[in-house]
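Residue numbers (my numbering): 5 to 288. To start, the structure under review is shown below, and the notes come after it.
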Ligand SMILES: Nc1ncnc2c1ncn2[C@@H]1O[C@H](COP(=O)(O)OP(=O)(O)O)[C@@H](O)[C@H]1O
Ligand SMILES: [Mg+2]
């Protein structure tokens, strides 16, 4: 069964979309069938993967309104094992149009249920608000991944999100877990960043991802070329760090799968039992 991960933080500009695109791409590059669903009317995840604006195309809006099936909304991407359900700015209207609707918080969950067999990972890119769209994502998700910048007061914004997660767990989605907190645009040369990350480690414990994402210009450039960083410049620190984050998360769900031989982080030579991602898929 596929694992649904919502990338959420109600603060804008913290690296949600960059994380959603590059994490999903890194899963796909590890030969794991992955779907990225753009749940933000700004549609940055869609354009960042090279989908030009097209009001006629089936999008997350149709999915939420019950006007299209999950299967019917899938679009291919440049990566063989990555699919996307794109967004369009009309999605902003869904917030209002769904207010009176039946099962309004479960629209996304219901729509993607049939897709869970087909994808090992479904990544949801959320808008920068705790609105009905983010609510739908958190109700559809098994876990939430929280990108955050290492700055003072970062924790203040996070407590509102964690409260929301608790409320959703209590009322709508008891299985919802915190996947982790990932530091983005991280600059390990500043003592402030080090101090803040030590604080976050104390607060979040093992929920703080081991991998943090450095500030890297390639990550900012890649979307304007309609590509994930690993297709734009696979050797960049940005691309490499998201590949590492994907491995960290994959290892979390498939602990028996060690690194494939030949990768930089591979264990001692000769040790590599290295289940391939394909094998992992079979156990999923
Ligand atoms: N690690 C990074 N290094 C450099 N620029 C980044 C990084 N992560 C995000 N950015 C840039 O910061 C801006 C905000 O990131 P984005 O992922 O769109 O945030 P959000 O989706 O949370 O609003 C974008 O211009 C993006 O290209
Ligand atoms: Mg975004």
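Backbone N, C-alpha and C define an ideal beta-carbon position, used for all residues, glycine too.
Check                                                                                                                                                                               : Outcome
According to the neighbour-count rule (16 or more other Cβ atoms, all chains shown, within 10 Å of its Cβ), is residue 66 buried or exposed?                                        : buried
Work out the CA separation of residue 247 and residue 12 for me, nearest whole Å.                                                                                                   : 19 Å
Helix, strand or coil for residue 125, going by three-state DSSP, please let me know.                                                                                               : strand
Assess contact between the region 40-54 and the region 230-237, defined as three or more Cβ pairs (one per stretch) separated by less than 8 Å. Is contact present?                 : yes
Which ranges does the beta strand (DSSP E) cover as unbroken runs of at least 3 residues, wholly within the region 128-201, from first to last along the chain?                     : 147-153 and 181-188
Could you check which residue in 187, 128, 172 and 188 has the C-alpha nearest to that of residue 181?                                                                              : 172
Considering only C-alpha positions, which residue in the set 158, 130 and 135 is nearest to residue 3?                                                                              : Because residue 3 is not part of the residues shown, which for the chain are 5 to 288, the question remains open.
Is the region 151-164 close to the region 174-194, with three or more CB pairs under 8 Å?                                                                                           : yes
Give me, in chain order, the residues of the same chain whose beta-carbon lies closer than 6 Å to that of residue 126; leave out the 5 immediate sequence neighbours on both sides. : 6, 8 and 39
So what does residue 8 bridge to, in DSSP terms?                                                                                                                                    : 126
Would the beta-carbon of residue 14 be found less than 7 Å away from any heavy atom of ligand 2?                                                                                    : no
For residue 168, which residues of its own chain have a beta-carbon under 6 Å away from its beta-carbon, when the five flanking residues on both sides are left out?                : 134
Measuring CA to CA, which of 43, 85 and 170 is closest to residue 113?                                                                                                              : 43
Between the C-alpha atoms of residue 14 and residue 35, what's the straight-line distance to the nearest angstrom?                                                                  : 31 Å
Considering only their Cβ atoms, is the gap separating residue 81 from residue 48 smaller than 8 Å?                                                                                 : no
With DSSP as the reference, label residue 219 as helix, strand or coil.                                                                                                             : coil
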